[in-house]
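Chemist: Right, I'll just put the structure down here and ask away after.
There are 2 protein chains.
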Amino acid sequence: MTQIPETMFAVLQTGDGYSGQATGPAISDASDYLENGEIAVPTPGPGQVLIKLRVASVNPSDMHFIKGEYGQPRVKGHPAGFEGCGDVVATGKGAEGLAGQRVAFVAAGSGAWADYVVTQAQMCIPLRPDISDEDGAAQIVNPLTAMAMVDIAKSEGDAFVISAATSQLGKLMCMLGRDLGLKPIALVRRAEAIEPLKELGAAEVLVTSDPDMLKKFAKISAELKPRVFLDAVSNQQSEQIFAAMPNRARWVSYGKLDAELPSLSRMGQLVFMGKKIEGFWLTNWMMTTPPADQGRVVAEVQARFADGRWKTDVSAHLPLRDVVSGLADALKKTDGKVMITP
Amino acid sequence: MTQIPETMFAVLQTGDGYSGQATGPAISDASDYLENGEIAVPTPGPGQVLIKLRVASVNPSDMHFIKGEYGQPRVKGHPAGFEGCGDVVATGKGAEGLAGQRVAFVAAGSGAWADYVVTQAQMCIPLRPDISDEDGAAQIVNPLTAMAMVDIAKSEGDAFVISAATSQLGKLMCMLGRDLGLKPIALVRRAEAIEPLKELGAAEVLVTSDPDMLKKFAKISAELKPRVFLDAVSNQQSEQIFAAMPNRARWVSYGKLDAELPSLSRMGQLVFMGKKIEGFWLTNWMMTTPPADQGRVVAEVQARFADGRWKTDVSAHLPLRDVVSGLADALKKTDGKVMITP
Numbered sequence: 001m002t003q004i005p006e007t008m009f010a011v012l013q014t015g016d017g018y019s020g021q022a023t024g025p026a027i028s029d030a031s032d033y034l035e036n037g038e039i040a041v042p043t044p045g046p047g048q049v050l051i052k053l054r055v056a057s058v059n060p061s062d063m064h065f066i067k068g069e070y071g072q073p074r075v076k077g078h079p080a081g082f083e084g085c086g087d088v089v090a091t092g093k094g095a096e097g098l099a100g101q102r103v104a105f106v107a108a109g110s111g112a113w114a115d116y117v118v119t120q121a122q123m124c125i126p127l128r129p130d131i132s133d134e135d136g137a138a139q140i141v142n143p144l145t146a147m148a149m150v151d152i153a154k155s156e157g158d159a160f161v162i163s164a165a166t167s168q169l170g171k172l173m174c175m176l177g178r179d180l181g182l183k184p185i186a187l188v189r190r191a192e193a194i195e196p197l198k199e200l201g202a203a204e205v206l207v208t209s210d211p212d213m214l215k216k217f218a219k220i221s222a223e224l225k226p227r228v229f230l231d232a233v234s235n236q237q238s239e240q241i242f243a244a245m246p247n248r249a250r251w252v253s254y255g256k257l258d259a260e261l262p263s264l265s266r267m268g269q270l271v272f273m274g275k276k277i278e279g280f281w282l283t284n285w286m287m288t289t290p291p292a293d294q295g296r297v298v299a300e301v302q303a304r305f306a307d308g309r310w311k312t313d314v315s316a317h318l319p320l321r322d323v324v325s326g327l328a329d330a331l332k333k334t335d336g337k338v339m340i341t342p
Numbered sequence: 001m002t003q004i005p006e007t008m009f010a011v012l013q014t015g016d017g018y019s020g021q022a023t024g025p026a027i028s029d030a031s032d033y034l035e036n037g038e039i040a041v042p043t044p045g046p047g048q049v050l051i052k053l054r055v056a057s058v059n060p061s062d063m064h065f066i067k068g069e070y071g072q073p074r075v076k077g078h079p080a081g082f083e084g085c086g087d088v089v090a091t092g093k094g095a096e097g098l099a100g101q102r103v104a105f106v107a108a109g110s111g112a113w114a115d116y117v118v119t120q121a122q123m124c125i126p127l128r129p130d131i132s133d134e135d136g137a138a139q140i141v142n143p144l145t146a147m148a149m150v151d152i153a154k155s156e157g158d159a160f161v162i163s164a165a166t167s168q169l170g171k172l173m174c175m176l177g178r179d180l181g182l183k184p185i186a187l188v189r190r191a192e193a194i195e196p197l198k199e200l201g202a203a204e205v206l207v208t209s210d211p212d213m214l215k216k217f218a219k220i221s222a223e224l225k226p227r228v229f230l231d232a233v234s235n236q237q238s239e240q241i242f243a244a245m246p247n248r249a250r251w252v253s254y255g256k257l258d259a260e261l262p263s264l265s266r267m268g269q270l271v272f273m274g275k276k277i278e279g280f281w282l283t284n285w286m287m288t289t290p291p292a293d294q295g296r297v298v299a300e301v302q303a304r305f306a307d308g309r310w311k312t313d314v315s316a317h318l319p320l321r322d323v324v325s326g327l328a329d330a331l332k333k334t335d336g337k338v339m340i341t342p
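Line order of the protein sequences matches chains B and C. Take the first sequence: its letter number 171 is residue 171 in UniProt numbering, and every next letter is one higher. Take the second sequence: its letter number 220 is residue 220 in UniProt numbering, and every next letter is one higher.
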């Protein structure tokens, strides 16, 4: 294996814990939240691996996180960054199988915006040789999440509901839904999104500001019987959509784009209609889904990148050492992902 | 088999659908909701059985139901009554295995307060010969529900939370919890209930009106780590209790004693802590739980009645033909169940 140095360059969080605010992913200057640093290369513990970074990608969740507005607390002095791809250069006990492999990863131990990264073996996916480093660096947070959530929807029937459907994840889920012969019902904020989403694969598109929206949804729900609601918004309208879904419906929240707290108007539906309210978090999915189910979903994602059905649009390249000074500017282009290289 | 007559005596619902009110189980005169009638003996369809009634019991859910305040709609002209015991005298296709058996049942087809009752085979439990008709007539709605819910709690750990713990069901669950080596955490409305519930088996008892209740609960939760909340109240305090429970906690609602709508203050816990909100309805449990799991739970209930650990307290006996005129009076004694005989 490669010689591993004692220290490394890393982009470090300057904030600690939660900010208590909810201001969204936008930043005007990354140095408000991050600083350059030289820290010890971490050692992988049991079940962990050490990865030498090839490429890290930037996701909205990284921005929520460094601002202290994500579901996990910041740790001051630890590297930022969730997602990337690189080579496993050291392994802890029980993770030896990954030694030497090129992997896509999500960082659960130390952040991805560093020369070296520690994470759990379960958070790594060995990459097929025909997948590029950049596709590998952006393969998990959006594509795998989309595939894993659509897989849940598919297990319950053919129709499912997606809120905030114009997001990257929403669009991926519409495309996937159609590819798999399912019927995505897309919820959007603006009428201009109706046609593009139908072209991508949505069976129905509803505009959330339409005063007749719930009436229209009830009609579609009675006809298509969607059993799963993949919801990034989680507000009162979400609750009303869930209440209009048929028996055995699952409201699966994976985000909270609206601060409004939904109140449960139809508790009895949980009892008498077998409905459920739950969440989806990819980290949890990767840590707990049986290997066979996970393997099926991962293989489907990699096949799509390998044969070109999916590709990662890159809007900017940023050297790791320029993240603090250059990230805010790089994020101004919104036609793809920012890729960070050591 | 017995000769089956063409018509039968039955106590019929006079209301239809839902009342739109929530006034609780009390009635001043059963004739406000019920009337005597002579109707055709029903014919069991596929998967159903016809039962000749031995004894029917009266539960609070019967009162909610005839008043139009239950989670299922009334059907005018159909018999009332959910629970009883009797002999299977005719079977539909696929239900032949129950022919001639004495069973405990919940009525899903036509009500239990009639000479004959039709229900699904899955809603019948063949009775051991050493169980009395009266214990058989009150074996499902409370005892089996308690056992099935505690079985869910047990599958997730040793501590669990029970609201409205002074109800018959709540007390049964406390007793069962201790018997099975678990730690029931009981929530009650009045401080007088603390000692009796501790004697029954509660590991901890909290009074919901105590201003420090949530603080005390958080401390107990951190220590005992309850993963299941069996909740008959389902109000905002329930939501706060759920929010104070550890990761993977399940809020299992089985009733709505408080009309207040809970608002979900910690949606992110569903995502990042893997918490879930769901319901429990015995009918659904009986229709969908795998036979082996169901058999284990049923056998445990029958063993308790057979060896005398459990018995049904009977407060009054009421002939079927006197239900309309006498039920309100019979329910005034609250030290046991009213038993109805043909």
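Idealized CB from N, CA, C, for every residue including glycine.
I'd like to confirm the pairing. Which residues does DSSP put opposite Tyr116 of chain C in its beta bridges?
Modeler: Mapped onto the second sequence, residue 116 of chain C falls at position 116. Looking at the DSSP assignment, Tyr116 of chain C forms a beta bridge with C:Lys52.
Chemist: Please name the residue or residues paired with Met8 of chain C in a DSSP beta bridge.
Modeler: Counting from 1 along the second sequence, the entry for residue 8 of chain C is found at position 8. Answer is C:Ile39.
Chemist: Spatial neighbours of Ile220 of chain B within its chain, please: C-beta separation below 7 Å, excluding the five flanking residues on both sides.
Modeler: As a working note, residue 220 of chain B is residue 220 in the first sequence. These residues qualify, in order along the chain: Ile185, Glu204.
Chemist: Just checking: is the beta-carbon of Leu264 of chain C within a distance shorter than 7 Å of some beta-carbon in chain B?
Modeler: As a first step, residue 264 of chain C is located in the second sequence; it is residue number 264 there, counting from the start. Closer than 7 Å: yes.
Chemist: Do the CB positions of Lys93 of chain C and Pro46 of chain C come within less than 7 Å of each other?
Modeler: Taking the second sequence and counting its residues from 1, the one referred to as residue 93 of chain C is at position 93. Taking the second sequence and counting its residues from 1, the one referred to as residue 46 of chain C is at position 46. Their beta carbons are under 7 Å apart, which means Lys93 of chain C touches Pro46 of chain C by this criterion.
Chemist: Which whole runs of the beta strand (DSSP E) in the region 60-142 of chain B are 3 residues long or more, in chain order?
Modeler: Within the region 60-142 of chain B, the complete beta strand (DSSP E) runs of at least 3 residues are 83-91, 102-106, 116-120, 124-126.
Chemist: Is the number of C-beta pairs between the region 260-269 of chain C and the region 163-183 of chain C that are closer than 8 Å three or more?
Modeler: Short answer: they don't touch.
Chemist: For Tyr33 of chain C and Ser209 of chain B, what's the separation of their Cα atoms in angstroms?
Modeler: For the purposes of this step, residue 33 of chain C is taken as the residue at position 33 of the second sequence. For the purposes of this step, residue 209 of chain B is taken as the residue at position 209 of the first sequence. Near 44 Å, if we compare the C-alpha coordinates of Ser209 of chain B and Tyr33 of chain C.
Chemist: So which residues on chain B does Phe272 of chain C lean against when the C-beta distance must stay under 7 Å?
Modeler: To locate residue 272 of chain C, count along the second sequence from 1; it is residue 272. Within 7 Å Cβ-Cβ: Gly71, Gln72, Trp281.
Chemist: Residues of chain C with CB closer than 7 Å to the CB of Ser234 of chain B, please, in chain order.
Modeler: The residue given as residue 234 of chain B occupies position 234 in the first sequence. Ordered by position in chain C, the residues that pass the 7 Å Cβ test against Ser234 of chain B are Met267.
Chemist: Does the region 81-91 of chain B come within contact of the region 21-38 of chain B, defined as at least 3 CB pairs closer than 8 Å?
Modeler: No, the region 81-91 of chain B is not in contact with the region 21-38 of chain B.
Chemist: Taking all protein chains shown into account, do 16 or more other C-beta atoms lie within 10 angstroms of the C-beta of Gln302 of chain C, making it buried, or fewer, making it exposed?
Modeler: Here residue 302 of chain C refers to the residue found at position 302 of the second sequence. The residue in question, Gln302 of chain C, is buried, as its Cβ has 16 or more Cβ neighbours within 10 Å.
Chemist: With respect to the alpha helix (DSSP H) encompassing Ile152 of chain B, which residues constitute its N-terminal and C-terminal limits?
Modeler: Taking the first sequence and counting its residues from 1, the one referred to as residue 152 of chain B is at position 152. Start and end: 145-156.
Chemist: Can you look up Val338 of chain C in the DSSP assignment and give me helix, strand or coil?
Modeler: Counting from one through the second sequence, the residue named residue 338 of chain C turns up at place 338. Correct three-state label for Val338 of chain C: strand.
Chemist: Which residues, in order along the region 233-256 of chain B, keep a beta-carbon less than 7 Å from a beta-carbon of chain E?
Modeler: You won't find chain E in this structure, because its protein chains are B and C.
Chemist: If you follow the beta strand (DSSP E) that Lys276 of chain B is in, where does it begin and where does it stop?
Modeler: The residue labelled residue 276 of chain B in the question sits at position 276 within the first sequence. Element bounds for Lys276 of chain B: 276-279.
Chemist: Are any of the Cβ atoms in chain C nearer than 7 Å to that of Lys183 of chain B?
Modeler: The residue you call residue 183 of chain B lines up with position 183 of the first sequence. Chain C contact via Cβ: absent.
Chemist: Gly336 of chain B and Asp313 of chain B - do their beta-carbons sit closer together than 7 Å?
Modeler: Residue 313 of chain B sits at position 313 when you count from the first residue of the first sequence. Residue 336 of chain B sits at position 336 when you count from the first residue of the first sequence. Yes; because the gap between Cβ atoms is below 7 Å, this pair is in contact.
Chemist: Between the Cα of Met8 of chain B and the Cα atoms of B:Glu96, B:Ala30, B:Trp113, which residue gives the shortest distance?
Modeler: Here residue 8 of chain B refers to the residue found at position 8 when the first sequence is read from its first residue. Nearest of B:Glu96, B:Ala30, B:Trp113 to Met8 of chain B, Cα basis: B:Trp113.
Chemist: Inspect the beta-carbon positions of Lys183 of chain B and Asp158 of chain B and report whether they are closer than 7 Å.
Modeler: Counting from 1 along the first sequence, the entry for residue 183 of chain B is found at position 183. Counting from 1 along the first sequence, the entry for residue 158 of chain B is found at position 158. Contact: yes.
Chemist: Between the alpha carbons of Asp130 of chain C and Val141 of chain B, how many angstroms are there, rounded?
Modeler: As a first step, residue 130 of chain C is located in the second sequence; it is residue number 130 there, counting from the start. As a first step, residue 141 of chain B is located in the first sequence; it is residue number 141 there, counting from the start. Rounded to whole angstroms, Asp130 of chain C to Val141 of chain B spans 60 Å at the Cα level.
Chemist: Is DSSP giving Pro184 of chain C helix, strand or coil here?
Modeler: As a first step, residue 184 of chain C is located in the second sequence; it is residue number 184 there, counting from the start. Strand at Pro184 of chain C.
Chemist: Just list the beta strand (DSSP E) runs in the region 254-304 of chain B, keeping only unbroken ones of 3 residues or longer that don't cross its boundaries, in chain order.
Modeler: Whole beta strand (DSSP E) segments, 3+ residues: 276-279.
Chemist: Just to make sure I have the definition right: I need the residues of chain C whose C-beta is within less than 9 Å of the C-beta of Asn36 of chain B. Which are they?
Modeler: Counting from one through the first sequence, the residue named residue 36 of chain B turns up at place 36. Within chain C, no residue comes near Asn36 of chain B; the closest Cβ sits about 29 Å away, beyond 9 Å.
Chemist: Express the C-alpha separation of Ala316 of chain C and Ser57 of chain C in angstroms, rounding to a whole number.
Modeler: Taking the first residue of the second sequence as 1, we reach residue 57 of chain C at position 57. Taking the first residue of the second sequence as 1, we reach residue 316 of chain C at position 316. Taking the straight line joining both Cα atoms gives about 10 Å.
Chemist: Ends of the alpha helix (DSSP H) at Leu327 of chain C?
Modeler: For the purposes of this step, residue 327 of chain C is identified with residue 327 of the second sequence, where counting begins at 1. Unbroken alpha helix (DSSP H) run through Leu327 of chain C: 323-330.
Chemist: Since Pro297 of chain B contacts Gly279 of chain B with CB under 8 Å, what's their CB separation in whole angstroms?
Modeler: One-based indexing of the first sequence puts residue 297 of chain B at position 297. One-based indexing of the first sequence puts residue 279 of chain B at position 279. The amino acid occupying residue 297 of chain B in the given sequence is Val; Pro does not appear at that position. That pair is no contact at about 18 Å.
Chemist: Determine, for Glu278 of chain C, whether the minimum Cβ-Cβ distance to residues of chain B falls below 7 Å.
Modeler: The sequence position of residue 278 of chain C within the second sequence is 278, counting from 1. Answer yes: the Cβ-Cβ gap between Glu278 of chain C and chain B drops below 7 Å somewhere.
Chemist: Would you say residue 368 of chain C lies against chain B (beta-carbon separation less than 7 Å)?
Modeler: Because chain C here runs from 1 to 342, residue 368 of chain C falls outside it and cannot be looked at.
Chemist: Which whole-angstrom value describes the C-beta separation of Met63 of chain C and Pro25 of chain C, a residue pair presumed to lie in contact below a C-beta threshold of 8 Å?
Modeler: Working through the second sequence from its first residue, we reach residue 63 of chain C at position 63. Working through the second sequence from its first residue, we reach residue 25 of chain C at position 25. Going by Cβ atoms, the distance from Met63 of chain C to Pro25 of chain C rounds to 4 Å, so yes, they are a contact pair.
Chemist: Please confirm whether Asn235 of chain C and Met273 of chain C have their CB atoms less than 7 Å apart.
Modeler: In the second sequence, residue 235 of chain C corresponds to position 235, counting from 1. In the second sequence, residue 273 of chain C corresponds to position 273, counting from 1. No. Outside cutoff.
Chemist: Got a sec? Which residues, its chain only, sit under 6 Å from Leu320 of chain C by beta carbon, not counting five neighbours each side?
Modeler: If you number the second sequence from 1, residue 320 of chain C lands on position 320. Contacts found: Ile340, Pro342.
Chemist: Exposed or buried, which one is Lys67 of chain B when buried takes at least 16 other CB atoms within 10 Å?
Modeler: Residue mapping note: residue 67 of chain B aligns to position 67 of the first sequence, counting from 1. With 16 or more Cβ atoms within 10 Å of its Cβ, Lys67 of chain B is classed as buried.
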